[in-house]
Amino acid sequence: MKTPLQRIVLTVFVIAVAAFFVTPLLWFVFAPFNPQVSLAVTIPQNPSLANFAEVLNNSLAMRGLLQNSVIIGVGTMVGTSLTAALAAYGLSRGNVPGRDLLIYVLILFSSVVTGTASMVPIFRLVFTLGLIDTHAGVIMVMIGGLLPSAIFIVRDFVDSVPRSYEEAAMVAGASPMQIFRDVTLPIMQPGILVVGVWVLVNAWGAFLIPFILLRNPDLLPASVTFYTFYDVESGTPQIRLISAYAVLYTLPVILLYLLINWRYGFRFFGGIKQ
Amino acid sequence: MASITLSRLRKMFGKVAAVNDVSLTIADGEFVALLGPSGCGKTTTLRLISGLETPNSGSIHIGERDVTALPPRSRDVAMVFQDYALYPHMTILDNIAYPLKVRGVPRDDLVAQVQSVAQNLQISELLMRRPGQLSGGQQQRAAVARAVVHRAQVFLFDEPLSNLDAKLRLEARAFLRHLQREVGITAVYVTHDQAEAMALADKIVIMKDGKIMQVGTPLDVYRRPLNTFVASFIGSPPMNLLPCCLDAGQLRILAGDTTQTISVSSALIPAGVDSGRPFTLGIRPEHVSVHTLPAADTIQATLYVTQTLGSEALVIAQVGDLLITVRLFQDEAPPLPDEIYLSFAPDRLFFYDQDGQILQ
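Chain order of the listed sequences is A and B. So the first sequence is numbered by our numbering: it starts at 1 and just counts up by one. So the second sequence is numbered by our numbering: it starts at 1 and just counts up by one.
Have a look at this one:
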């Protein structure tokens, strides 16, 4: 049994921890509508959409959000999902010696070595390929970084799909490509969706790779065009605009998650008699 | 329509021979059951015929065609899987139509064919549903429909009834046999249920450890099991197998500490039985009779248990450390004293040597 004193201490502790995490979110909700924003959390005296209006008029930021981020995000998502689906299918069904080791080594390298440490070789590689300052270059580097984990997730999913689905299609007379298109891919769909959303969120939020590989301001995605809202001379952030831009930047990802959860519900539907 | 010829087929999984030197001929239009306990190689044999596995050595012919090296889709076979493997994302119509679709049959034609098959199998009203919305029996019919629809030369069944409950299984058994007769197709059927094999097949192939133990009609394998494995696998309850030796023209049953002798006309004892060496005596439960009083050629036993099964009754008697099952074709087991006497129909005795092979 807890004494009343212990309960009070515990409650106060929980409130303090919750406040620590919730306060920034409250700022994120209120600040965009406050024309006189500061870093303090304040409920706006006379809320307005003026901050959003100013952001929407910034053509560089809006092109970054509505065009470049979409191209990079969707490109990375489609590329990673398709490649991961094919690779995971092969690794799950084929007889590749040492395949578990292969996947773990790939994941280890992609999570430990990429990022900051490999930026110089990646830059040189992309430069040699003539892909500096192109979306294609950014997309390929991101696919490379995300692929091992994506393969791992999808392969786990394919492993749980009974082989008899494919065997039934084989005996029915389908070619390997027909089997993949008609049977395996649709059955793997929920797993691929999970990976797709995960990749999109990652690509949407990626900063370092596009920041380094892109020069032309017209090609920068939203994660980098945040820098538009810094005063050029003083270098101070215009947090009033940054907060509004942050809302616009976060919204698509949240909407996508809700849409997929509502439409597909991340589930597996069975046709195998257990 | 085609015959199937397997010659000297061998399939290794690692160091284990799942199928070991199997040769078998299945005639055109024949319904053959591959029967055996789990791990005996029956499913592997079926998968070798379908092309889902490739043999390490040996050859497979369907009709005149050597299909050993062909992929499944070039073999013109249809298969029903144990778990049915109906595609969960397609309607039943699309599921059944799939073998036609991959062959490029136009949509109108394909729907017409599916509908006619579905009507035969009484699943017409289910065509727009998905597999998840069907009962086990309906799924099984849909899986059979998918196999029937493209009129393959050979039907392969991999324990298609094992997921159904007992009543549905009996219905499905009759339905499958009827269907096979109607279509007149060559069928290979894998099962571990000897009653299912007996009921369905023209010919039963009994397998053990990757080898064929006996091939024959259901009546053949029941009346004359060539070895103790088949003797104990076919028939429910199985044949009584008793260690025995020949002693001055009499059969001496070796039941642990005690022995019992019966005299059998020497004409009924096969020449292969050597008086020096022990052998195994086989007798089916229905060929043993129970008596309450001793008589000539009876052996003494203690009542172990009686079982009333409705259409028949079983009496299990103990002799030394042996249990002997007696099958009585009456609905109730008679009241019996603890001390009972058994006699064996002398012309129904089987003699097996120490390796379990029948003695002629």
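Don't be surprised by glycine CBs; every beta carbon is placed ideally from N, CA and C.
Sequence-distant residues of the same chain with beta carbon closer than 8 Å to residue i, five excluded per side
i	result
Ser57 of chain B	Arg8, Leu9, Arg10
Ala333 of chain B	Thr306, Gln307, Thr308, Ala313, Leu314, Val315
Gln115 of chain B	Ser124, Leu127
Leu49 of chain A	Phe33
Glu159 of chain B	Thr43, Gln82, Val190, Thr191, His192
For residue i, the residue or residues it bridges with in DSSP
i	result
Met90 of chain B	The partner list for Met90 of chain B (beta bridge, DSSP) is empty, contrary to what the question assumes.
Ser162 of chain B	Paired residues: none, contrary to the question.
Tyr104 of chain A	Its beta-bridge partners do not exist; DSSP assigns none.
Lys101 of chain B	Note: Lys101 of chain B sits in no beta bridge, so no partner.
Thr191 of chain B	B:Leu35
Met207 of chain B	B:Ile212
Met12 of chain B	B:Ala17
Tyr404 of chain B	No answer is possible for residue 404 of chain B: it lies beyond the span of chain B, which begins at 1 and ends at 360.
Phe157 of chain B	B:Val80, B:Tyr189
Ile324 of chain B	B:Ala317
Phe351 of chain B	B:Leu281
Chain-ordered chain B contacts of residue i [CB-CB under 9 Å]
i	result
Glu167 of chain A	Arg47, Ser50, Leu52, Pro72, Met79, Phe81, Ala85
Pro186 of chain A	Tyr87, Pro88, His89, Met90
Chain-ordered neighbours of residue i on chain B, where CB pairs are closer than 7 Å
i	result
Gln45 of chain A	Those within 7 Å of Gln45 of chain A in chain B number zero; the least Cβ separation is about 55 Å.
Ser164 of chain A	Phe81, Asp83, Ala85
Val183 of chain A	Tyr87
Ile260 of chain A	Within 7 Å Cβ-Cβ: nothing; Ile260 of chain A doesn't reach chain B, min ~17 Å.
Sequence-distant residues of the same chain with beta carbon closer than 7 Å to residue i, five excluded per side
i	result
Leu220 of chain A	Gly64, Asn68, Pro210, Leu214
Gly271 of chain A	Here Gly271 of chain A scores only 44 on pLDDT, less than 50, and its place in the model is too uncertain to base an answer on.
Gln274 of chain A	Residue confidence for Gln274 of chain A is low, a pLDDT of 38 falling below 50, so the modelled location carries little weight; the figure read from the coordinates is stated next. Cβ within range, chain order: n/a, list empty.
Leu100 of chain B	Leu110, Gln113, Val149, His150
Tyr165 of chain A	Val183, Ile187
Asn58 of chain A	Thr228
Ala147 of chain B	Ala78, Met79, Val80, Phe155
Tyr104 of chain A	none
Leu25 of chain A	none
Trp204 of chain A	Ser69, Gly73, Val253
Phe13 of chain A	none
Listed by chain order, chain A residues near residue i by CB distance under 7 Å
i	result
Arg103 of chain B	Gly173
Pro99 of chain B	Ala172, Gly173
Contacts that residue i makes with chain B (C-beta to C-beta distance below 8 Å)
i	result
Met170 of chain A	Gly51, Leu52, Pro71, Pro72, Arg73
Gln178 of chain A	Val102
Neighbourhood of residue i by C-beta, 6 Å cutoff - its chain only, sequence neighbours within 5 removed
i	result
Gly191 of chain A	Val154, Phe157
Gln360 of chain B	Pro270, Gly272
Ala152 of chain B	Asp76, Val77, Ala78
Phe268 of chain A	Caution is warranted here: a pLDDT of 44 is assigned to Phe268 of chain A, below 50, making its placement in the model unreliable, and the coordinate value is therefore given only provisionally. Contacts found: Pro190.
Residue-level contact to chain C via CB, residue i, 8 Å cutoff
i	result
Tyr304 of chain B	The structure shown contains no chain C; its protein chains are A and B.
Proximity test, residue i beta-carbon vs the ligand NAD heavy atom, cut-off 7 Å
i	result
Gln138 of chain B	With respect to the ligand NAD, the structure offers nothing, as it holds no ligand at all.
Subject >> Those runs of the alpha helix (DSSP H) which lie wholly inside the stretch 195-234 of chain A and span at least 4 residues >> reply: 208-213, 222-225
Subject >> Any alpha helix (DSSP H) of 4 or more consecutive residues that is wholly inside the stretch 2-53 of chain A >> reply: 4-30
**OP:** Kindly provide the ranges of any alpha helix (DSSP H) runs that are 4 or more residues long and lie completely inside the stretch 105-152 of chain B, ordered along the chain.
**Re:** 107-120, 136-148
**OP:** Identify every run of the beta strand (DSSP E) within the stretch 27-71 of chain B, keeping only runs that are complete inside it and at least 3 residues long; order them along the chain.
**Re:** 31-35, 57-62
**OP:** Answer yes if the stretch 169-189 of chain B comes into contact with the stretch 207-223 of chain B, meaning at least three C-beta pairs across the two stretches below 8 Å, and no otherwise.
**Re:** no
Subject >> Secondary structure, beta strand (DSSP E): runs of 3+ residues fully inside the stretch 275-316 of chain B >> reply: 279-283, 288-291, 299-308
Subject >> At least three beta-carbon pairs within less than 8 Å, the stretch 130-148 of chain B to the stretch 163-174 of chain B >> reply: yes
**OP:** Taking 8 Å as the threshold, find out whether the stretch 88-102 of chain A comes into contact with the stretch 149-163 of chain A through three or more Cβ pairs.
**Re:** yes
**OP:** Count the C-beta pairs between the stretch 133-147 of chain A and the stretch 26-41 of chain B that are closer than 8 Å, then say yes if the count reaches three, no if not.
**Re:** no
**OP:** Entirely within the stretch 210-267 of chain B and at least 4 residues each: give me those alpha helix (DSSP H) ranges in chain order.
**Re:** 218-223, 228-233
**OP:** Pair every Cβ in the stretch 336-346 of chain B with every Cβ in the stretch 281-293 of chain B, then say whether three or more of these pairs are closer than 8 Å.
**Re:** yes
Subject >> Three or more C-beta pairs below 8 Å linking the stretch 181-189 of chain A and the stretch 78-92 of chain B >> reply: yes
Subject >> Cβ contact (3+ pairs, closer than 8 Å) linking the stretch 158-172 of chain A and the stretch 120-130 of chain A >> reply: no
Original post:
How about the stretch 235-249 of chain A and the stretch 28-47 of chain A: do they share at least three Cβ pairs that are nearer than 8 Å?
Top reply: yes
**OP:** Within the stretch 90-175 of chain A, note down every full alpha helix (DSSP H) run reaching 4 residues or more, in order along the chain.
**Re:** 99-112, 119-128, 135-159, 164-172
Original post:
Touching or not, the stretch 274-281 of chain B and the stretch 320-340 of chain B, by the rule of three or more beta carbon pairs under 8 Å?
Top reply: no
Original post:
Counting pairs of beta carbons, one from the stretch 239-249 of chain B and one from the stretch 46-64 of chain B, are three or more of them closer than 8 Å?
Top reply: no
**OP:** Take every Cβ of the stretch 69-77 of chain A, pair it with every Cβ of the stretch 194-204 of chain A, and state whether three or more of those distances are shorter than 8 Å.
**Re:** yes
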